[in-house]
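Right, one structure below, let's go through it.
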Ligand code: PMP
């Protein structure tokens with residue numbers, strides 16, 4: 001701590017992501033990255049990149065990427081915003097829309113960055129409990145004018161709400177901005193992008209970090225009414241007028257255009273997820289239904305924290321959250337088939353686990 005720190009900084013509790021070990025000995029099932037490489041077309045775009053161009057600034061509007069996203073999702077280009085990972089897109093969203101006297105409604109258990117941003121931007125959070133079965137009950141969210149944010153599918157639970165439930169939420173809260181964080185939507189939930197042309201009170205945030213295997217390039221985006229996008233652009237330009245570097249723009253365009261590879265890897269991850277869920281259930285885990293690239297599971301007899309430690313000593317990293325209601329659960333990212341077999345075999349070797 002320095003005497004120059006402002007009071008606001010003293011209070012900050014930053015988000016701590018899952019462990020990123022420097023030695024690659026671990027099987028990493030702790031941060032929901034894709035186990036598969038980026039699209040070969042994205043790799044080609046990076047390898048063939050004319051590095052002489054790096055002395056120039058990138059396109060301040062990232063227009064090639066915005067156009068590629070607009071074409072892919074069937075919206076106009078001015079409905080698309082891009083930023084350095086969806087974390088940054090969310091930060092700009094908080095800055096642009098949620099710094100207001102009304103509290104921001106969010107699920108009690110969700111992506112913990114929302115609380116970090118509330119702290120950073122002095123927004124009052126109002127946490128709405130999940131139902132018994134970890135479901136987000138959108139009927140519990142009523143906000144006359146202000147903001148609502150949730151992840152769909154939710155993290156770390158993996159459960160999703162339907163498009164119809166989201167539409168009803170928008171209709172009941174016409175004076176509130178609803179932000180739907182769809183970081184994991186491609187693995188089995190319905191995207192609210194379909195609602196953005198009808199409703200001006202919904203902003204959908206997505207990422208290239210999961211289903212597009214590009215976490216390292218930091219590309220996130222938002223889709224919504226042009227006036228919302230303009231609000232985000234104002235904030236962005238006040239921080240950094242270049243939202244993405246040239247390499248991210250080039251590889252991002254190539255990744256979006258390679259739909260065949262996207263579907264192939266996504267389908268493989270979903271199939272591996274379903275296989276793993278069946279195996280974990282056979283080993284005595286309660287496994288929540290998942291629409292994501294991870295599973296949220298709790299063993300009937302063995303504490304989650306202990307299991308996480310056991311797996312770590314055997315070279316497998318999974319995530320555990322020391323928070324009420326979920327502290328007996330592990331969040332396990334879906335790896336390759338081989339990695340998930342290793343996970344299952346390692347669990348089978350635990351002295352208290354029987355099939
Ligand atoms: N939203 C949710 C729900 C997430 O789990 C994550 C990944 N930790 C993000 C957003 C941020 O992803 P990124 O910044 O890599 O786009």
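Residue numbers (full-length UniProt numbering): 1 to 355. All C-beta atoms, glycine included, are put in the ideal place defined by N, C-alpha and C. Nothing here was measured: the structure is a model prediction, and the numbers come from that model.
- Task: Apply the 10 Å Cβ neighbour rule to residue 45 and answer buried if 16 or more other Cβ atoms are within range, or exposed otherwise.
- Result: buried
- Message: Please classify residue 286 as buried or exposed, where buried requires at least 16 other C-beta atoms within 10 Å of its C-beta.
- Response: exposed
- At least three beta-carbon pairs within less than 8 angstroms, the region 180–193 to the region 286–303: yes
- Task: Could you spell out the range, first to last residue, of the alpha helix (DSSP H) harbouring residue 338?
- Result: 337–348
- Message: Could you tell me the alpha carbon to alpha carbon distance between residue 301 and residue 216, rounded to whole angstroms?
- Response: 37 angstroms
- Message: Once DSSP output is grouped into helix, strand and coil, what is the label at residue 318?
- Response: coil
- Completely contained beta strand (DSSP E) runs for the region 160–238, where each covers 3 or more residues: 177–181, 202–207 and 220–224
- Message: Just to confirm, is the Cβ distance from residue 142 to residue 99 under 8 angstroms?
- Response: no
- Message: So, for residue 232: in the same chain, excluding its five sequence neighbours on each side, which residues have a beta-carbon less than 6 angstroms away from its beta-carbon?
- Response: 81, 92 and 96
- Item | Beta carbon of residue 147 nearer than 8 angstroms to that of residue 177 | yes
- Message: Counting C-beta neighbours from all protein chains within 10 Å, is the total for residue 94 16 or more, i.e. buried, or is it exposed?
- Response: buried
- Task: Grab me the residues of residue 161's own chain with a C-beta within less than 7 angstroms of its C-beta, minus the 5 sequence neighbours each way, in chain order.
- Result: 136, 138 and 152
- Return the chain-ordered list of same chain residues with a C-beta closer than 8 angstroms to the C-beta of residue 235, the five sequence neighbours on each side being excluded. 92, 95 and 96
- Task: Consult DSSP for residue 326 and reduce its assignment to one of helix, strand or coil.
- Result: coil
- Keeping to the same chain, check which residues put their C-beta closer than 7 angstroms to that of residue 32; ignore five residues upstream and five downstream. 210, 293, 294 and 333
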